[in-house]
Amino acid sequence: MIVYFPFLLFAAGTLVAYGSTGLRRQAATIATVAASGWSLVLLVDPGSGTWAIGPVVATLLLPRAGQRAQSNFEGLTRRVVTLAVAVLVALFLATRLPIGENPILLSAVPWLLGALGTAWFVSPIDEPERLQGQALMIAAVAVLILIAVPTGPLTTGVAGAMALMPIAGERGRIPGRLRPAFSGVLLLAAGAAAALAVVGPAIRPFSMDDLSFDVGGPVLLATAIVLVAGSAVSAVGAEWAALVAVLALIASAPGLRWSALAALVAVATGLERSAERPAWLAVGVLSAVPVLQALASPSWSARVQAVALAVGLVLTLLAATTGMRRVLVLPAITLSVMLALSSLSTSNLVRFQWIAAFGAALLIAQPLLTMLIGGSRREVIRDRLLFGLLLLAIGARDSLGLGELAVVLLLVDLAIVRIDHLPAASDRVARMVFLARSNWPPSATFAGATLAVIGALQASLVLGLLAAIMLAALQLAPLLDRHALAPGPERPRSSLRWIGPVVSIACGIAPALVLRMLRL
Amino acid sequence: MPLAAQALLPLAALLAAAGFVRWRPRRRVNGWIASGATGIAGIIALVELLRLAPGEHVDVPYLTTFPYADLAVRLDGLSLAFAATTLITAAALMLTRQQVRGDRRDPWFGWLLTSAAACAVILADNLLLVFIALQLLTLAWSGALDETARRRRGLRLSVQIADIGLLLAAASAIQSVGTSAFSGVPSDTFGLATFLLVLLPVVVRVAALAWVSSGPQAAVTFEPSIAWVAPAGYLLLRLLALMGGRLPDRATAVALFGGGVLLAIGFATLALGRPAGLRLAAPLLAAQAAIAVALSAGSVPLMTAASTWLWLLLIPLAGLVSVRVVAGSLAETLTLLNLAMIPGAIGFLGFWLGGLALAATGLLFGMIPLVLAVILLAAAALSRAAVIRSIHVDPASIWASVLLLVAAFPIVAMNPIVLPAAATVRLVPRGTISASPLGIGTSFGAWPALLVSVAVAALLGIAGWRLGDRLPLRRARGRIVRWPTGWARWPVRPPAVPTWSRFLLGGAFLVAVVLAMVRP
Chain A
7 MIVYFPFLLF AAGTLVAYGS TGLRRQAATI ATVAASGWSL VLLVDPGSGT
57 WAIGPVVATL LLPRAGQRAQ SNFEGLTRRV VTLAVAVLVA LFLATRLPIG
107 ENPILLSAVP WLLGALGTAW FVSPIDEPER LQGQALMIAA VAVLILIAVP
157 TGPLTTGVAG AMALMPIAGE RGRIPGRLRP AFSGVLLLAA GAAAALAVVG
207 PAIRPFSMDD LSFDVGGPVL LATAIVLVAG SAVSAVGAEW AALVAVLALI
257 ASAPGLRWSA LAALVAVATG LERSAERPAW LAVGVLSAVP VLQALASPSW
307 SARVQAVALA VGLVLTLLAA TTGMRRVLVL PAITLSVMLA LSSLSTSNLV
357 RFQWIAAFGA ALLIAQPLLT MLIGGSRREV IRDRLLFGLL LLAIGARDSL
407 GLGELAVVLL LVDLAIVRID HLPAASDRVA RMVFLARSNW PPSATFAGAT
457 LAVIGALQAS LVLGLLAAIM LAALQLAPLL DRHALAPGPE RPRSSLRWIG
507 PVVSIACGIA PALVLRMLRL
Chain B
4 MPLAAQALLP LAALLAAAGF VRWRPRRRVN GWIASGATGI AGIIALVELL
54 RLAPGEHVDV PYLTTFPYAD LAVRLDGLSL AFAATTLITA AALMLTRQQV
104 RGDRRDPWFG WLLTSAAACA VILADNLLLV FIALQLLTLA WSGALDETAR
154 RRRGLRLSVQ IADIGLLLAA ASAIQSVGTS AFSGVPSDTF GLATFLLVLL
204 PVVVRVAALA WVSSGPQAAV TFEPSIAWVA PAGYLLLRLL ALMGGRLPDR
254 ATAVALFGGG VLLAIGFATL ALGRPAGLRL AAPLLAAQAA IAVALSAGSV
304 PLMTAASTWL WLLLIPLAGL VSVRVVAGSL AETLTLLNLA MIPGAIGFLG
354 FWLGGLALAA TGLLFGMIPL VLAVILLAAA ALSRAAVIRS IHVDPASIWA
404 SVLLLVAAFP IVAMNPIVLP AAATVRLVPR GTISASPLGI GTSFGAWPAL
454 LVSVAVAALL GIAGWRLGDR LPLRRARGRI VRWPTGWARW PVRPPAVPTW
504 SRFLLGGAFL VAVVLAMVRP
């Protein structure tokens with residue numbers, strides 16, 4: 007009988023939360039979180055209860071107004087429909103992915119937490135509810151993966167603490183006087199990671215209590231990329247978000263990795279909300295991968311995982327148009343997917359390649375269609391072509407590692423270089439910036455796109471030809487993109503502005519060094 | 004001196020001179036430095052060629068990190084012959100430009116970089132490196148760091164896109180044999196598709212020769228010989244060398260021969276309507292290049308020697324026609340004689356050797372369209388020849404005279420330059436062709452070059468004396484056929500597309516995802 011209590015507590019909390027305001031609503035929200043924690047404890051072990059600390063603190067930090075917000079019929083209907091649909095989807099998934107012999111009503115509670123968060127995020131009544139929805143979504147991602155892949159209490163607690171990140175993204179800014187020092191430290195760390203990747207021996211996974219980290223393979227290089235992006239081109243004061251990306255990359259436990267990625271998306275979409283829905287959809291789809299791995303029937307799990315990885319990546323690219331989504335979320339998620347791809351079987355890799363190819367076509371067709379429809383076109387065609395090449399390259403998985411190398415080079419270009427406006431002056435620095443952002447050798451774009459074509463051809467003739475067509479279109483793209491460069495996060499002019507071009511040209515001149523860093 | 008250093012000497016000389024003229028721009032001495040350094044680089048390549056044993060080739064690797072694309076230099080008969088000819092032509096062009104008064108532009112840096120890039124194309128050891136060097140070459144001659152720059156945009160983009168064919172060929176080689184290095188690719192690696200892909204950059208560059216005719220006429224134009232003819236000829240001959248000197252099948256050979264001849268007839272016909280000057284010279288040059296393409300289809304040693312002769316001597320010929328000459332001057336008449344492809348001109352020797360080869364293989368009827376093309380060429384060139392009003396010795400007239408002397412004494416070019424290059428393309432057995440001060444001897448017939456040159460000079464002298472007051476035989480017509488210098492603008496606004504087509508696009512992607520998921 008006790009196993010149904012979490013569900014009852016959750017249902018009561020949800021009803022009270024919808025029907026009340028102020029402290030009572032806050033308490034009801036905490037009750038839903040507590041119900042999910044209780045469910046986790048019953049499904050896994052008592053030590054997993056540490057997960058609830060983060061979401062509870064996040065809820066406490068989001069006080070509710072005593073007054074009920076103004077609403078209307080359409081708004082109410084939308085909220086009810088959103089919640090109903092989300093709950094139905096959650097119940098469907100809970101029935102399809104049962105957790106051992108446990109009753110559905112017990113295992114459904116974490117799914118329902120995700121549904122509640124999604125409903126509040128999609129149709130919020132006010133801004134705090136939206137933030138609360140984000141916190142609950144991150145918490146749900148963590149708890150669902152923790153149920154599927156249990157870990158120790160410390161890891162569970164840290165994964166739960168990721169629910170605080172939406173609030174940190176909204177309020178947390180590094181003070182101005184500390185910012186240069188912080189950026190400098192991040193850059194030094196990036197340099198150290200890169201140097202270690204080039205010359206250092208293979209580092210074995212290491213742990214702090216049950217919190218384990220893996221910096222083997224291409225993780226060090228990925229860490230260096232997000233650290234450079236965080237220090238040089240992320241939003242002012244939000245440089246710390248790079249550390250969340252690093253955590254997502256180096257964490258061994260999937261529960262911590264994907265909740266950190268969700269937290270990163272929350273920080274990024276908190277700063278700029280355009281295209282936030284595809285970004286969250288991507289988080290939802292991608293975080294399903296470890297859940298499917300553990301809970302789904304082997305007969306269909308592997309193929310859905312491959313599809314989820316591909317669709318999640320396409321959605322990430324759709325969302326990665328500007329700002330922090332471009333600078334931090336794009337490299338972090340893409341590199342995570344790249345790492346995950348190594349476990350796919352050949353037939354599932356072909357599945358991934360199919361969706362990657364169609365996704366590339368979708369990404370390029372979308373702005374062209376917008377242009378034909380007659381709307382104002384904000385997308386940069388060249389970026390979309392690079393996204394397409396990136397998709398084709400990541401699916402290549404050739405024996406020489408050219409696909410992975412191309413992915414890294416294109417990410418360097420997209421996340422670090424192709425940001426900010428071009429300098430007006432025509433001095434040497436301006437020429438270097440022009441070269442770094444052009445399709446000419448030795449820019450990272452040229453190297454990445456060239457290797458993407460070679461890598462794609464190793465995978466299949468169709469992919470290779472598609473990549474070659476994209477490369478040809480890339481030469482024409484500057485003519486279509488006179489109006490725009492992908493707007494980056496707002497940053498004052500700083501001495502770090504030279505970093506992007508220098509990194510681009512360095513990567514273009516010595517891609518072999520990057521290949522060595524990948525340790526393939 | 005170590006071979007690794009010797010191989011880099013030409014490039015080092017060019018880059019050092021480029022650095023110097025960049026450091027102290029707008030000085031009169033820069034022209035001398037540029038031409039001197041380029042001449043020295045050319046002489047170094049020539050010395051290396053003379054020191055090379057018959058059939059010898061040397062690969063000098065510098066960076067072996069990439070097993071499929073080493074940073075390496077290839078020294079063999081073909082590369083050194085092309086490097087020497089190209090660099091000596093470049094030096095001659097620079098010397099000629101140095102004599103021009105009144106033009107205050109300072110082209111030396113760009114020209115030196117163009118020469119260095121052309122040299123890199125020719126000396127590169129693998130196809131991928133050739134592709135990269137070709138991109139650098141395009142950047143160097145166009146100077147279009149800003150990719151939206153209008154100057155020769157259409158031509159630049161066409162060349163860039165066509166070069167992707169070479170990239171695909173390199174990728175195909177990497178896929179097949181794990182390398183694109185010239186030494187590591189077996190002769191059966193390249194099939195018809197790959198051959199056609201590599202032919203694409205060649206054809207575009209040949210077409211560029213005719214395209215330039217409508218552009219602005221500078222006193223000296225650098226691109227036609229250095230950036231278009233030399234890489235085009237080198238690429239085609241190098242590909243033939245990689246394929247063991249023969250095309251994939253007989254049908255391809257016939258198609259290439261026929262296509263080349265038709266192109267030549269087309270260009271020659273186009274030239275018939277052109278007035279004298281660069282507008283006439285450009286299609287005549289393109290027609291000769293097309294004949295060289297046609298002769299490259301042959302699989303007998305004599306034909307290979309013929310096409311190699313034509314390609315190599317087209318480089319200085321293209322340089323000659325890139326120099327603006329005064330109407331009615333000695334230089335103009337001598338240039339027209341060289342372009343006419345009549346006996347005594349350098350092009351005719353290639354034509355004659357090709358005819359002998361066709362006759363030897365029982366395909367003499369193949370000469371019919373070739374003869375037609377040559378007659379049209381001669382008619383177009385000689386009908387514009389005017390009475391020489393002033394005999395003024397200038398660089399162009401010296402240059403044209405030197406070419407006529409080479410035609411009279413083919414031993415000067417045949418033994419040290421052409422035969423080593425041809426022997427790299429395919430085996431040329433001893434005795435197939437032998438040059439003496441009086442002419443050329445082959446197992447199928449001899450060509451008394453000196454005697455023919457003297458006779459033709461006498462005949463032309465008599466004809467000029469008799470027809471003096473009627474020259475030129477054809478006056479320029481008011482209307483000339485102009486080639487488009489840029490890409491056509493979008494003619495009409497594209498039709499409007501309904502807004503719901505966005506959903507259609509998304510739906511199509513979803514269908515693709517479902518298909519990928521359910522496929523076996």
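Chains as they are written, first to last, in this note's numbering: chain A, 7 to 526; chain B, 4 to 523.
Virtual Cβ for every residue (Gly too), placed ideally from N, Cα, C.
Straight-line Cα distance separating residue j from residue i
| i | j | result |
| --- | --- | --- |
| Q299 (chain A) | G43 (chain A) | 22 Å |
| G123 (chain A) | A41 (chain A) | 14 Å |
| V484 (chain B) | L316 (chain B) | Because the pLDDT of V484 (chain B) is 48, which lies under 50, any placement of that residue in the model is unreliable, and the question is left without a value. |
| L508 (chain B) | R283 (chain A) | 18 Å |
| G25 (chain A) | R31 (chain A) | 8 Å |
| P419 (chain B) | T435 (chain B) | 16 Å |
| L253 (chain A) | T502 (chain B) | 42 Å |
| T20 (chain A) | L480 (chain A) | 51 Å |
| Q3 (chain B) | L380 (chain B) | The displayed coordinates of chain B run from 4 to 523. Any statement about residue 3 (chain B) would go beyond what the structure contains. |
| G489 (chain B) | Q140 (chain A) | Below a pLDDT of 50, predicted positions are generally treated as unreliable, and G489 (chain B), at 49, falls in that range; no measurement from the model is reported. |
| V24 (chain B) | A474 (chain A) | 38 Å |
| L90 (chain B) | A203 (chain A) | 42 Å |
| P159 (chain A) | G380 (chain A) | 55 Å |
| G358 (chain B) | L298 (chain B) | 9 Å |
| P156 (chain A) | V50 (chain A) | 7 Å |
| L184 (chain A) | G243 (chain A) | 9 Å |
| V508 (chain A) | V162 (chain B) | 28 Å |
| A16 (chain B) | I47 (chain B) | 10 Å |
| I339 (chain A) | S213 (chain A) | 23 Å |
| A4 (chain A) | A86 (chain B) | Residue coverage of chain A in this structure runs from 7 to 526, which leaves residue 4 (chain A) outside it and unanswerable. |
| R282 (chain B) | A44 (chain B) | 31 Å |
In DSSP terms, what residue i is bridged to
| i | result |
| --- | --- |
| F212 (chain A) | A:F219 |
| D62 (chain B) | B:R77 |
Kindly provide the ranges of any alpha helix (DSSP H) runs that are 4 or more residues long and lie completely inside the segment 402 to 485 of chain B, ordered along the chain. 422 to 428 and 452 to 469
At a cut of 8 Å, does the segment 283 to 296 of chain A reach the segment 365 to 378 of chain A through at least three beta carbon pairs? no
Could you list the residues in the segment 163 to 177 of chain B with a C-beta less than 8 Å from some C-beta on chain A, going in chain order? Q163, I164, I167, L170, L171, A173, A174, S175 and I177
Report the residues of the segment 443 to 464 of chain A with a CB closer than 8 Å to any CB of chain B, ordered along the chain. S444, N445, W446, P447, F452, T456, V459, I460, L463 and Q464
Ignoring anything shorter than 4 residues or poking outside the segment 402 to 468 of chain A, list the alpha helix (DSSP H) runs there in chain order. 408 to 417, 434 to 443 and 450 to 465
Listed from N- to C-terminal order along the chain, which residues in the segment 243 to 266 of chain A have their beta-carbon within a distance smaller than 9 Å of any beta-carbon of chain B? none
For the pair the segment 326 to 343 of chain A and the segment 263 to 275 of chain A, tell me if three or more CB-CB distances fall below 8 Å. yes
According to a CB-to-CB cut-off of less than 7 Å, which residues of the segment 467 to 488 of chain A neighbour chain B? G470, A474, L477, A478, Q481, L482, P484, L485 and R488
Members of the segment 104 to 120 of chain A near chain B, C-beta cut-off 8 Å: none
Check whether the segment 125 to 145 of chain A and the segment 228 to 239 of chain A touch, using three or more Cβ-Cβ pairs below 8 Å as the test. no
Indicate whether the contact test is met: 3 or more Cβ pairs, each with one atom in the segment 343 to 357 of chain B and one in the segment 240 to 256 of chain B, closer than 8 Å. no
Is the segment 403 to 416 of chain B touching the segment 102 to 118 of chain B, taking contact as three or more C-beta pairs under 8 Å? no
Does the pairing of the segment 227 to 241 of chain B with the segment 196 to 213 of chain B give three or more beta-carbon distances under 8 Å? yes
Inside the segment 115 to 142 of chain B only - beta strand (DSSP E) runs reaching at least 3 residues: none
What are the uninterrupted segments assigned as alpha helix (DSSP H) that are 4 or more residues long and contained completely in the segment 331 to 403 of chain A, given in chain order? 336 to 347, 352 to 379 and 387 to 400
Listed from N- to C-terminal order along the chain, which residues in the segment 506 to 520 of chain B have their beta-carbon within a distance smaller than 7 Å of any beta-carbon of chain A? L508, F512, A515, V516, A519 and M520
Output the residue ranges of the beta strand (DSSP E) runs that lie fully inside the segment 88 to 125 of chain A and measure 3 residues or longer, sorted by chain position. none
Sufficient close CB pairs (3 or more, under 8 Å) joining the segment 318 to 337 of chain B to the segment 437 to 446 of chain B: no
Please list, in chain order, the residues of the segment 4 to 16 of chain B that have any C-beta partner in chain A closer than 9 Å. none
At a CB distance below 7 Å, what residues from the segment 334 to 363 of chain A approach chain B? Give them in sequence order. R357, W360 and I361
Would you list, in chain order, the members of the segment 145 to 156 of chain B that have their beta-carbon closer than 7 Å to a beta-carbon of chain A? L148, D149, E150 and T151
Could you tell me whether the segment 76 to 94 of chain A touches the segment 52 to 67 of chain A, using the rule of 3 or more Cβ pairs below 8 Å? no
For the 8 Å Cβ check, are there 3 or more pairs between the segment 248 to 266 of chain A and the segment 302 to 315 of chain A? no
What residues from the segment 369 to 380 of chain A come within 7 Å of chain B, judged by C-beta to C-beta, listed N to C? A371, Q372, L375, L378, I379 and G380
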